[in-house]
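Note sheet for the following structure.
Number of protein chains: 2
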Amino acid sequence: MMRTHYCGQLNESLADQEITLCGWVHRRRDHGGVIFLDIRDREGLAQVVFDPDREDTFALADRVRSEYVVKVRGKVRPRPAGAVNPNMASGAIEVLGYELEVLNQAETPPFPLDEYSDVGEETRLRYRFIDLRRPEMAAKLKLRSRITSSIRRYLDENGFLDVETPILTRATPEGARDYLVPSRTHPGSFFALPQSPQLFKQLLMVAGFDRYYQIAKCFRDEDLRADRQPEFTQIDIETSFLDETDIIGLTEGMIRGLFKEVLDLELGDFPHMTFEEAMRRFGSDKPDLRNPLELVDVADQLSEVEFKVFSGPAKDPKGRVAALRVPGAASMPRSQIDDYTKFVGNYGAKGLAYIKVNERAKGVEGLQSPIVKFIPEQNLEVILDRVGAVDGDIVFFGADKAKVVSDALGALRIRLGHDLKLLTCEWAPLWVVDFPMFEENDDGSLSALHHPFTAPKCSPEELKANPATALSRAYDMVLNGTELGGGSIRIHRKDMQQAVFDILGISPDEQQEKFGFLLDALKYGAPPHGGLAFGLDRLVMLMTGASSIREVIAFPKTQSAADVMTQAPGAVDNKALRELHIRLREQPKAE
Amino acid sequence: MMRTHYCGQLNESLADQEITLCGWVHRRRDHGGVIFLDIRDREGLAQVVFDPDREDTFALADRVRSEYVVKVRGKVRPRPAGAVNPNMASGAIEVLGYELEVLNQAETPPFPLDEYSDVGEETRLRYRFIDLRRPEMAAKLKLRSRITSSIRRYLDENGFLDVETPILTRATPEGARDYLVPSRTHPGSFFALPQSPQLFKQLLMVAGFDRYYQIAKCFRDEDLRADRQPEFTQIDIETSFLDETDIIGLTEGMIRGLFKEVLDLELGDFPHMTFEEAMRRFGSDKPDLRNPLELVDVADQLSEVEFKVFSGPAKDPKGRVAALRVPGAASMPRSQIDDYTKFVGNYGAKGLAYIKVNERAKGVEGLQSPIVKFIPEQNLEVILDRVGAVDGDIVFFGADKAKVVSDALGALRIRLGHDLKLLTCEWAPLWVVDFPMFEENDDGSLSALHHPFTAPKCSPEELKANPATALSRAYDMVLNGTELGGGSIRIHRKDMQQAVFDILGISPDEQQEKFGFLLDALKYGAPPHGGLAFGLDRLVMLMTGASSIREVIAFPKTQSAADVMTQAPGAVDNKALRELHIRLREQPKAE
Numbered sequence: 001m002m003r004t005h006y007c008g009q010l011n012e013s014l015a016d017q018e019i020t021l022c023g024w025v026h027r028r029r030d031h032g033g034v035i036f037l038d039i040r041d042r043e044g045l046a047q048v049v050f051d052p053d054r055e056d057t058f059a060l061a062d063r064v065r066s067e068y069v070v071k072v073r074g075k076v077r078p079r080p081a082g083a084v085n086p087n088m089a090s091g092a093i094e095v096l097g098y099e100l101e102v103l104n105q106a107e108t109p110p111f112p113l114d115e116y117s118d119v120g121e122e123t124r125l126r127y128r129f130i131d132l133r134r135p136e137m138a139a140k141l142k143l144r145s146r147i148t149s150s151i152r153r154y155l156d157e158n159g160f161l162d163v164e165t166p167i168l169t170r171a172t173p174e175g176a177r178d179y180l181v182p183s184r185t186h187p188g189s190f191f192a193l194p195q196s197p198q199l200f201k202q203l204l205m206v207a208g209f210d211r212y213y214q215i216a217k218c219f220r221d222e223d224l225r226a227d228r229q230p231e232f233t234q235i236d237i238e239t240s241f242l243d244e245t246d247i248i249g250l251t252e253g254m255i256r257g258l259f260k261e262v263l264d265l266e267l268g269d270f271p272h273m274t275f276e277e278a279m280r281r282f283g284s285d286k287p288d289l290r291n292p293l294e295l296v297d298v299a300d301q302l303s304e305v306e307f308k309v310f311s312g313p314a315k316d317p318k319g320r321v322a323a324l325r326v327p328g329a330a331s332m333p334r335s336q337i338d339d340y341t342k343f344v345g346n347y348g349a350k351g352l353a354y355i356k357v358n359e360r361a362k363g364v365e366g367l368q369s370p371i372v373k374f375i376p377e378q379n380l381e382v383i384l385d386r387v388g389a390v391d392g393d394i395v396f397f398g399a400d401k402a403k404v405v406s407d408a409l410g411a412l413r414i415r416l417g418h419d420l421k422l423l424t425c426e427w428a429p430l431w432v433v434d435f436p437m438f439e440e441n442d443d444g445s446l447s448a449l450h451h452p453f454t455a456p457k458c459s460p461e462e463l464k465a466n467p468a469t470a471l472s473r474a475y476d477m478v479l480n481g482t483e484l485g486g487g488s489i490r491i492h493r494k495d496m497q498q499a500v501f502d503i504l505g506i507s508p509d510e511q512q513e514k515f516g517f518l519l520d521a522l523k524y525g526a527p528p529h530g531g532l533a534f535g536l537d538r539l540v541m542l543m544t545g546a547s548s549i550r551e552v553i554a555f556p557k558t559q560s561a562a563d564v565m566t567q568a569p570g571a572v573d574n575k576a577l578r579e580l581h582i583r584l585r586e587q588p589k590a591e
Numbered sequence: 001m002m003r004t005h006y007c008g009q010l011n012e013s014l015a016d017q018e019i020t021l022c023g024w025v026h027r028r029r030d031h032g033g034v035i036f037l038d039i040r041d042r043e044g045l046a047q048v049v050f051d052p053d054r055e056d057t058f059a060l061a062d063r064v065r066s067e068y069v070v071k072v073r074g075k076v077r078p079r080p081a082g083a084v085n086p087n088m089a090s091g092a093i094e095v096l097g098y099e100l101e102v103l104n105q106a107e108t109p110p111f112p113l114d115e116y117s118d119v120g121e122e123t124r125l126r127y128r129f130i131d132l133r134r135p136e137m138a139a140k141l142k143l144r145s146r147i148t149s150s151i152r153r154y155l156d157e158n159g160f161l162d163v164e165t166p167i168l169t170r171a172t173p174e175g176a177r178d179y180l181v182p183s184r185t186h187p188g189s190f191f192a193l194p195q196s197p198q199l200f201k202q203l204l205m206v207a208g209f210d211r212y213y214q215i216a217k218c219f220r221d222e223d224l225r226a227d228r229q230p231e232f233t234q235i236d237i238e239t240s241f242l243d244e245t246d247i248i249g250l251t252e253g254m255i256r257g258l259f260k261e262v263l264d265l266e267l268g269d270f271p272h273m274t275f276e277e278a279m280r281r282f283g284s285d286k287p288d289l290r291n292p293l294e295l296v297d298v299a300d301q302l303s304e305v306e307f308k309v310f311s312g313p314a315k316d317p318k319g320r321v322a323a324l325r326v327p328g329a330a331s332m333p334r335s336q337i338d339d340y341t342k343f344v345g346n347y348g349a350k351g352l353a354y355i356k357v358n359e360r361a362k363g364v365e366g367l368q369s370p371i372v373k374f375i376p377e378q379n380l381e382v383i384l385d386r387v388g389a390v391d392g393d394i395v396f397f398g399a400d401k402a403k404v405v406s407d408a409l410g411a412l413r414i415r416l417g418h419d420l421k422l423l424t425c426e427w428a429p430l431w432v433v434d435f436p437m438f439e440e441n442d443d444g445s446l447s448a449l450h451h452p453f454t455a456p457k458c459s460p461e462e463l464k465a466n467p468a469t470a471l472s473r474a475y476d477m478v479l480n481g482t483e484l485g486g487g488s489i490r491i492h493r494k495d496m497q498q499a500v501f502d503i504l505g506i507s508p509d510e511q512q513e514k515f516g517f518l519l520d521a522l523k524y525g526a527p528p529h530g531g532l533a534f535g536l537d538r539l540v541m542l543m544t545g546a547s548s549i550r551e552v553i554a555f556p557k558t559q560s561a562a563d564v565m566t567q568a569p570g571a572v573d574n575k576a577l578r579e580l581h582i583r584l585r586e587q588p589k590a591e
């Protein structure tokens with residue numbers, strides 16, 4: 001092997017030992033007649049000193065430049081007392097360079113690596129092979145590797161089998177748009193890239209595999225607003241003969257063990273919260289419990305007021321009126337409130353009513369608000385008591401369709417938590433349970449809240465009678481306001497699966513055409529089964545403190561779903577298209 | 001948890017203990033007034049006895065049928081002496097059934113699971129979720145999971161980082177046809193699914209990752225003659241600052257450790273053989289060394305004979321004349337020789353000359369052959385001596401272009417080894433090294449024998465001077481005549497990479513257009529690097545003794561690249577095609 005040690009491994013215990021390093025010239029300095037090269041490799045930096053005694057080597061060291069690839073032989077020695085660098089793993093020693101070999105030269109890189117520089121993301125992605133040399137980027141991908149390794153070990157130890165499912169598969173009904181692959185051997189037909197291995201993992205349970213996992217690539221051809229990627233990675237898990245409690249226990253143990261092993265962090269037991277409570281108190285099915293603010297329902301106090309903005313939603317069964325108290329924020333300037341009003345507008349809210357509680361003892365006089373004049377004093381008192389308002393607080397109000405109020409005040413709650421630095425802890429995991437089976441579309445039809453293979457908590461007959469209020473056996477793991485993973489007990493009986501398809505308006509013919517193989521599988525002895533899928537990219541992002549999932553993916557796509565480094569997607573010649581039995585709809589512009 | 005034990009875990013140490021099993025009814029027998037159910041789960045079978053004392057349970061046990069999913073509570077007890085079944089892990093005990101619950105019913109499966117039956121592959125694939133219940137199928141996929149787990153552990157322990165590379169990527173020059181994915185956001189452009197992560201892993205080395213691995217899905221849109229799949233899995237490895245010897249040592253250690261751990265088998269040190277020797281002695285660059293037969297070159301003895309079939313190739317610098325001695329096979333009937341003649345015809349051979357050595361002491365008289373009359377006796381003697389012919393042997397001859405002779409006699413050698421049961425051992429691994437850089441096409445142009453990123457053993461100048469004879473720094477691991485893995489030291493200097501592209505006839509413009517990012521990477525400080533990729537499917541196939549890679553893939557495609565279970569590929573609606581800016585070339589037939 002060319003090297004004897006990684007740079008970051010050198011320390012005082014190696015003093016007087018001859019070692020060989022291989023790596024990149026991170027920094028070159030010329031100081032007091034000697035040359036200092038900081039050599040960088042995967043594990044860190046080491047300082048190598050070349051003095052003029054060794055003429056040829058010194059001359060070569062004088063010629064190397066940043067990012068040259070070199071091999072150095074030398075002797076480890078303690079640094080002089082004043083020169084110790086506590087910020088560097090090998091900072092107590094340096095290497096006296098005996099031999100230097102240039103393994104490859106380097107042109108001046110498009111952005112410097114030896115000091116922080118704010119480089120545009122497009123440039124970083126175009127030269128990803130240089131960007132990934134930055135120690136902070138390399139550290140994230142190293143941690144990602146440790147995370148998957150820890151997860152695999154846990155699942156192996158718990159009897160899970162790693163089984164690969166196909167990437168060239170059939171269009172699935174996960175809701176998002178599929179990536180399609182034209183078939184050469186079946187003219188006019190297409191494969192779809194999987195949005196998840198959902199049905200395959202269920203079939204593995206029908207096949208008796210009992211415990212399955214896979215760290216699986218999934219694909220969605222969606223517009224990449226938000227922090228999404230066309231291809232992403234899922235920790236995909238399925239089990240047989242376990243109920244919700246068992247699966248939650250197993251996977252919670254996995255995440256708790258992972259945080260302990262990789263970050264030395266004890267997450268403790270995760271609380272459970274129903275979907276209903278999460279929406280009521282936090283306006284979200286993935287509440288960030290680090291944030292102490294809570295929504296409080298006050299419709300009962302406002303249904304009779306003359307102010308229609310409040311009384312309308314308060315009387316509407318699908319409406320909601322809620323308050324959000326922010327302690328000690330009454331001094332918030334008008335401009336800030338205007339800003340928040342605009343913010344909640346993004347979620348469909350038509351305004352943002354508020355009350356500043358200056359001095360409750362003074363009654364209405366002590367309140368500063370455009371709305372108190374519309375509310376009878378006794379109702380006002382009940383509301384302020386209910387939210388626990390004290391002097392110095394501000395209370396925001398939302399009144400609209402329930403979804404708009406929950407979305408808007410839920411988002412405002414998160415925003416306020418960050419703006420006012422209200423977070424009470426670093427990590428707040430929980431399970432959200434008791435989701436509804438369906439959500440209502442604008443046209444009154446129903447969609448599956450999770451996916452159509454989720455088991456309900458009731459019988460097929462009860463489900464058909466009251467689909468809109470039926471609860472599912474689904475569960476989501478939430479961490480710091482991010483959905484880390486979601487899963488459910490699945491339907492394992494054919495009659496129940498058909499009932500759900502019926503409710504979703506899928507005709508028997510379509511059921512057979514699209515899901516015939518699943519219905520077949522359910523009739524030949526499907527065991528009770530259920531599972532869960534974690535978003536690996538998002539998990540790594542949280543654990544590394546990255547600001548985007550692009551930071552934890554080695555070669556991510558841009559927002560327009562392109563790879564600016566390899567220039568993908570690219571043009572294809574006509575012969576290839578002919579073989580695939582397709583042609584372009586519009587000819588691309590002449591090049 | 002529903003079950004306390006897996007069926008296969010039950011044994012005498014649990015006697016008198018109450019246990020609960022969950023699984024499938026593998027077999028149901030009614031014998032002497034009691035009912036026996038063999039319950040099957042992932043870990044094996046257990047026999048449960050229901051007697052009429054417990055009336056309701058007995059009645060239910062009487063109603064269950066094959067493949068019903070059940071939960072059984074009962075007590076473990078030793079079987080009566082005569083009833084012990086040594087072929088069953090739990091065969092020393094049985095379970096006295098107390099309670100029985102039917103978790104799901106099953107229709108009669110399309111093929112029986114309780115006894116061996118020869119079912120057509122199409123049916124097996126259509127009902128893969130039943131086919132995979134067969135213990136021998138489940139065992140193969142369980143072993144596959146153990147194999148990947150063992151490999152990951154080895155690579156983790158040796159400092160390799162698991163890094164995911166993209167699936168939606170740019171068309172690569174690996175030679176085979178790419179699967180293409182139309183881009184919605186870039187009209188007229190296409191992603192390609194990767195044939196291997198080759199360039200991405202090289203870029204990870206340029207990025208300083210030092211040791212990378214990935215168990216990676218790869219894709220080739222080729223016709224599936226032979227035993228191939230459109231998507232297959234590669235154990236993909238790349239390292240920096242290591243030479244051939246280091247990489248061979250590391251990966252040989254991995255495979256040796258794997259065989260020891262999973263099959264308890266010592267493979268020993270792998271011999272090394274040059275490409276030239278492998279072709280000369282075995283007519284193949286992946287020789288099966290379990291087979292003792294060898295090719296022997298005899299052109300020197302035949303260049304002057306009048307028989308043009310021999311003298312032509314013997315005098316042609318691109319020709320080859322070789323002999324293959326088969327010990328003790330002189331009694332082979334004419335019909336068998338005709339069959340082999342037809343067989344070598346598949347490899348382009350125009351005939352199959354032979355000499356049966358009945359009694360060497362008698363000279364030509366003792367030989368039975370249509371060709372001896374064309375060969376002077378002294379040459380005949382040299383040839384027979386050289387191949388070591390003794391009485392009772394048959395010697396086959398090939399004379400043609402070198403490639404035809406090597407292919408034909410190489411294949412005949414393998415065929416004879418199996419037909420005549422000549423194999424001398426069970427496992428014969430080796431490394432083949434010193435491959436040529438290029439192979440000549442019929443038009444005289446050169447193609448890369450491995451891929452164009454393989455480093456030669458010489459300088460760019462020497463390479464340009466004599467490309468046809470240059471050797472590469474490539475190495476293949478071969479096991480039992482199968483190429484398990486192949487790799488090389490890669491080119492890490494831009495001038496060398498350009499020299500190879502030039503030799504391959506890739507114009508500078510095309511180099512920039514297709515490989516600009518690689519050439520960029522090589523100029524910004526690329527380290528010396530190299531690696532290897534193993535075919536996981538083939539490795540698992542060898543280790544499980546499977547007869548096809550479809551046996552070791554959970555959901556494989558058929559020979560026409562279709563999934564008969566999910567009916568993929570399938571039709572797609574026009575809206576989806578419009579969004580992808582493509583249309584069908586021919587309309588599919590009306591349905």
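From first to last, the protein sequence lines are chains C and H.
Just so you know, we're using the working numbering here: the first sequence kicks off at 1 and counts up by one.
Just so you know, we're using the working numbering here: the second sequence kicks off at 1 and counts up by one.
Glycine residues also receive a C-beta, built at the ideal position from the N, C-alpha and C atoms.
Here the structure is a predicted model, which means the values were calculated and not measured.
Under the three-state reduction of DSSP output, H/Y524 falls in the strand class.
Within chain C, the residues P166, I167 and L168 have their CB atoms less than 7 Å from the CB of H/E231, given in chain order. By a beta-carbon distance limit of 8 Å, H/R124 contacts H/D131. Their separation comes to about 4 Å. Taking H/R170 as reference, the option from C/K575, C/V564, C/L580 and C/P508 with the minimal CA-CA separation is C/V564. Interface annotation for the segment 241-259 of chain C against chain H: F241, L242, D243 and D246, criterion Cβ-Cβ distance under 8 Å. In summary, the residues of the segment 1-28 of chain C whose CB is separated from some CB of chain H by less than 7 Å are M1, M2, R3, C22 and W24, in the order they occur in the chain.
In terms of CA proximity to C/D520, C/L199 leads the group C/L199, C/G188 and C/K142. In the displayed model, C/Q198 falls within a helix according to three-state DSSP. Non-local C-beta neighbours of C/A329 in its own chain, meaning closer than 6 Å and more than five positions away in sequence, comprise I394, ordered along the chain. Ranked by Cα distance from H/V309, the first of H/P569, H/L258 and H/F397 is H/F397. Under DSSP, the beta-bridge partners assigned to H/K401 are H/G319. DSSP assignment within the segment 377-451 of chain H yields the following whole beta strand (DSSP E) runs of 3 residues or more, N-terminal first: 394-401, 429-433, 438-440 and 446-448. Collapsing the DSSP output to three states places C/N158 in coil. Sixteen is the threshold: when 16 or more other Cβ atoms of the shown chains lie within 10 Å of the Cβ of H/C22, as they do, the residue is buried. Using a 10 angstroms sphere on the CB of C/P313, the tally of other CB atoms reaches 16 or more, which defines it as buried. The beta carbon of C/Q229 lies closer than 8 Å to those of D537, I549, R550, I553, P556 and K557 in the same chain, with the five residues before and after it left out.
The beta-carbon separation of H/T454 and H/R490, rounded to 7 Å, stays under the 8 Å limit for a contact.
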